[in-house]
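Here the sequence shown stands for residues 0 to 399, numbered as in numbering that gives the first Met the number 0. A short write-up of the structure that comes next.
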Amino acid sequence: MNRTVPSKKITIVLLALLLAALPGSGQGGEAFSALDRLVGQVENLFPFTEGYVVSVRGGELILDLKQGQPVKPGDRLKLIRFGKKLVHPVTGKKLGRMETDLGEVKILEVRKDFSRAVATDPSVEVHAGDGVRSPFKKLSLLLAPVEAARASDSDRLRLDLEKKFARHPRFEVPDFDLGLWLLKSGLRPRDLLNPKNLRRLRGRVQVDYLLFSALRSLKGKGVLKYRLVSARDGSVIKQAQILSGQAAAGAAVAKKNGEQAVQTDFSTGRGKVNFIGKQAFPFEIVDFDVGDINGDGTDEFVVIDSHRVLIYKYLGGKFKLTAQAGLNRHENRFISVDVADINGNGKAEIFVTNKYLDGLGSFVIEAGQRGFKKLWNKADIYFHAIHPFGVKPRLLSQRA
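Encoded structure:
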């Protein structure tokens, strides 16, 4: 790398950090099956309820919902009137029926074979054959850092779980890094069960549920344990264990494709690497660079994940987060970051190559008096800064 760094020791520490924080090899099919089962079990906790109005007696409605179905006194369901059938004009496929929302009904009593209910608006004229259905609501879910033997397994499992929930139509994952918030707040994941900390969290992000998970070893197999908790009061909604079917995280691999696995040697005294410590990041690192972004004469470490730029200072043997900026993670995916003072004002600009939706939306930011200011936004360009010896840095770019 043609990078200017303050010292060799700091460079070595950062390399060690990257090795610790980057995820390991992809999980096998059995592991993904375990994650799918976990998502399915959580989904089953929030089933849809759908039925019909059987008869109308004065102001009381008799519904075909009965004991054993996910309905109880006090529940409110949408009241729907069905219209003509919808047929695709080209394929001829039946798409369903027209629906008109009439309001809501409130369940009064659930009996063995039917339920009693009443329309919340007495002026609505209800007919036998009208439908009732639970209102659709996306459930907001945050994932706590996964407990695992290796940091890379923890990061990978959390990211895979997060992606599966984010793609599910019933759930949404807020654009909020819970692990980073815990780190900055000096909290551990189990501290979230404290009502005071839950109130602090809900003051920062709208969330309905928290998911705690851990990967454990049982007779050489991986066991995925999880606990779903209400973000309002900390009550446990469900806890269970799932056998993943694959070797437990952190188990040594003796041979692969007939070759002996090799561990990188960080031992001292051999003239190779002076290992002075390590520090795990609670997210997947995509790229990093080094430069003096605020013009104070010392270098900062600029790290990116998929949607955030994070600025670190190396202080007291630790990397301290000093600033960050981010974009919507569902629309953006950062590819690379380069740091260089191209405009010659004494402060290095931050060049982020970014995939935005189906194209490029790269941008350039610079440290200002209050946060960052954008110098270039949504550019259809790949960036790369080089640092030739003895001359000013150069910016290379290439259109998509």
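Idealized CB from N, CA, C, for every residue including glycine.
Mark residue 96 as exposed unless 16 or more other C-beta atoms lie within 10 angstroms of its C-beta, in which case mark it buried. Taking the first residue of the sequence shown as 1, we reach residue 96 at position 97. Looking at its Cβ environment, which holds fewer than 16 other Cβ atoms inside 10 Å, residue 96 is exposed.
Compute the Euclidean distance between the alpha carbons of residue 216 and residue 239, then round it to the nearest angstrom. As a first step, residue 216 is located in the sequence shown; it is residue number 217 there, counting from the start. As a first step, residue 239 is located in the sequence shown; it is residue number 240 there, counting from the start. Those two C-alpha atoms are separated by around 15 Å.
Buried or exposed (CB count within 10 angstroms, at least 16 for buried), residue 127: Translated into the one-based positions of the sequence shown, residue 127 becomes position 128. Exposed is the call here.
With respect to the alpha helix (DSSP H) encompassing residue 195, which residues constitute its N-terminal and C-terminal limits? The residue labelled residue 195 in the question sits at position 196 within the sequence shown. Residues 194 to 201.
State the Cα-Cα distance for the pair residue 383 and residue 187, rounded to the nearest angstrom. Here residue 383 refers to the residue found at position 384 when the sequence shown is read from its first residue. Here residue 187 refers to the residue found at position 188 when the sequence shown is read from its first residue. Distance between the alpha carbons of residue 383 and residue 187: 38 Å.
Span separating the alpha-carbon of residue 375 from that of residue 396: As a working note, residue 375 is residue 376 in the sequence shown. As a working note, residue 396 is residue 397 in the sequence shown. Spanning the alpha carbons of residue 375 and residue 396 requires a straight line of approximately 13 Å.
With contact counted as at least three CB pairs below 8 Å, one residue from each stretch, are the region 100 to 109 and the region 74 to 83 in contact? Judged by Cβ distances under 8 Å, the region 100 to 109 makes contact with the region 74 to 83, as three or more pairs qualify.
Should the region 169 to 189 be called in touch with the region 109 to 120, which here means at least 3 C-beta pairs below 8 Å? Not touching, per the Cβ criterion.
Please state if the CB of residue 338 and the CB of residue 324 are separated by a distance shorter than 7 Å. Translated into positions along the sequence shown, residue 324 becomes position 325. Translated into positions along the sequence shown, residue 338 becomes position 339. Not a contact, by the Cβ cut-off of 7 Å.
Hey, quick one: how far does the alpha helix (DSSP H) through residue 71 stretch, first residue to last? Numbered from its first residue, the sequence shown carries residue 71 at position 72. Membership of residue 71 in any alpha helix (DSSP H) is not indicated, and neither H nor E is assigned to it by DSSP.
On the three-pair Cβ rule with 8 Å, is the region 298 to 316 touching the region 330 to 348? Contact between the region 298 to 316 and the region 330 to 348 is present, because at least three Cβ pairs lie under 8 Å.
Starting from residue 183, trace the alpha helix (DSSP H) in both directions and tell me its first and last residue. Locating residue 183 in the sequence shown gives position 184, where the first residue counts as 1. Element bounds for residue 183: 177 to 184.
When you compare each of 91, 82 and 86 to residue 98 by their alpha carbons, which one comes out closest? On the sequence shown, position 99 is the one that residue 98 refers to. Of the candidates 91, 82 and 86, the residue whose Cα lies closest to the Cα of residue 98 is 82.
Helix, strand or coil at residue 116 [DSSP, three-state]: Here residue 116 refers to the residue found at position 117 when the sequence shown is read from its first residue. In the displayed model, residue 116 falls within a strand according to three-state DSSP.
Mapping DSSP to helix, strand and coil, what is residue 164? Along the sequence shown, read from residue 1 onward, the residue named residue 164 stands at position 165. Reduced to three states, the DSSP call for residue 164 is helix.
Could you tell me the boundaries of the beta strand (DSSP E) in which residue 102 lies? As a working mapping, residue 102 is identified with position 103 in the sequence shown. First-last of the beta strand (DSSP E) with residue 102: 93 to 109.
Terminal residues of the beta strand (DSSP E) in which residue 344 lies: Your numbering for residue 344 matches position 345 in the sequence shown. Per DSSP, residue 344 is not a residue of any beta strand (DSSP E), being assigned neither H nor E.
Start and end residues, beta strand (DSSP E) containing residue 331: Position 332 of the sequence shown, counting from 1, holds the residue named residue 331. Element bounds for residue 331: 331 to 339.
Burial state of residue 400, where buried means 16 or more other Cβ atoms lie within 10 Å: Because the chain is modelled from 0 through 399, residue 400 falls outside the range shown and cannot be assessed.
What does DSSP give as the partner residues of residue 353 in its beta bridges? Taking the first residue of the sequence shown as position 1, residue 353 is located at position 354. DSSP, once it has assigned bridges, lists 333 as partnering residue 353.
Just the C-alpha distance for residue 318 and residue 312, rounded to the nearest angstrom, thanks. Translated into the one-based positions of the sequence shown, residue 318 becomes position 319. Translated into the one-based positions of the sequence shown, residue 312 becomes position 313. Straight-line Cα distance between these residues: approximately 6 Å.
Are there 16 or more other CB atoms within 10 angstroms of the CB of residue 3, so buried, or fewer, so exposed? On the sequence shown, position 4 is the one that residue 3 refers to. With a pLDDT of 41 at residue 3, under the threshold of 50, the predicted position of this residue should be treated as unreliable, though the coordinate-derived value follows. Exposed, since its Cβ has fewer than 16 Cβ neighbours within 10 Å.
So which of 296, 289, 377 and 295 has the shortest CA-CA distance to residue 326? Position 327 of the sequence shown holds residue 326. Closest in C-alpha terms to residue 326, from the list 296, 289, 377 and 295, comes 377.
Report yes or no: do the region 64 to 73 and the region 139 to 146 share at least 3 C-beta pairs separated by less than 8 Å? Fewer than three Cβ pairs drawn from the region 64 to 73 and the region 139 to 146 lie within less than 8 Å of each other, which leaves the two stretches out of contact.
Roughly how many whole angstroms lie between the Cα atoms of residue 410 and residue 80? Here the chain comprises residues numbered 0 to 399, so residue 410 is not present and cannot be evaluated.
Look at the alpha carbon of residue 371 and the alpha carbon of residue 365, and state the distance between them as a whole number of angstroms. Taking the sequence shown and counting its residues from 1, one reaches residue 371 at position 372. Taking the sequence shown and counting its residues from 1, one reaches residue 365 at position 366. When rounded, the distance between both Cα atoms is 5 Å.
Run through DSSP, which three-state label would residue 366 get? Start at 1 with the first residue of the sequence shown, and residue 366 comes out as number 367. Residue state, collapsed to three classes: strand.
For the region 191 to 201 against the region 154 to 169, do three or more pairs of beta-carbon atoms, one drawn from each stretch, fall closer than 8 Å, so that the two count as touching? With the cut-off at 8 Å, the region 191 to 201 and the region 154 to 169 do not touch.
Which residue comes first and which comes last in the beta strand (DSSP E) that contains residue 383? In the sequence shown, counting from the first residue as 1, residue 383 sits at position 384. From DSSP, the beta strand (DSSP E) with residue 383 extends over 380 to 385.
Going by DSSP, name the residue or residues bridged to residue 60. For this step, residue 60 is matched to residue 61 along the sequence shown. Residue 60 is bridged to 55 and 116.
Using CA atoms only, rank isn't needed, just tell me which of 218, 367, 41 and 121 is closest to residue 57. By one-based count along the sequence shown, residue 57 stands at place 58. Selected option, being the one with the closest Cα: 121.
Which residue's Cα is closest to the Cα of residue 390: 340, 398 and 170? Translated into positions along the sequence shown, residue 390 becomes position 391. Ranking the options by Cα distance to residue 390, first place goes to 340.
Beta-carbon within less than 7 Å of residue 345's beta-carbon, same chain only, minus the 5 sequence neighbours each way: which residues are those? One-based indexing of the sequence shown puts residue 345 at position 346. Cβ contact annotation for residue 345 (same chain, cutoff 7 Å, sequence separation greater than five): 294, in chain order.
In the DSSP assignment, what residue or residues form a beta bridge with residue 323? If you number the sequence shown from 1, residue 323 lands on position 324. DSSP, once it has assigned bridges, lists 309 as partnering residue 323.
Can you give me the Cβ contacts of residue 212 inside the same chain, cut-off strictly under 6 Å, excluding the 5 residues immediately before and after it? The residue you call residue 212 lines up with position 213 of the sequence shown. For residue 212, the CB contacts under 6 Å within the same chain, skipping 5 residues up- and downstream, are 145 and 225 in chain order.
Quick one: what's got a C-beta closer than 8 Å to residue 49's C-beta in the same chain, skipping five residues either side? Taking the first residue of the sequence shown as 1, we reach residue 49 at position 50. Closer than 8 Å at the Cβ level, and outside the excluded window around residue 49, lie 130, 131, 132 and 133.
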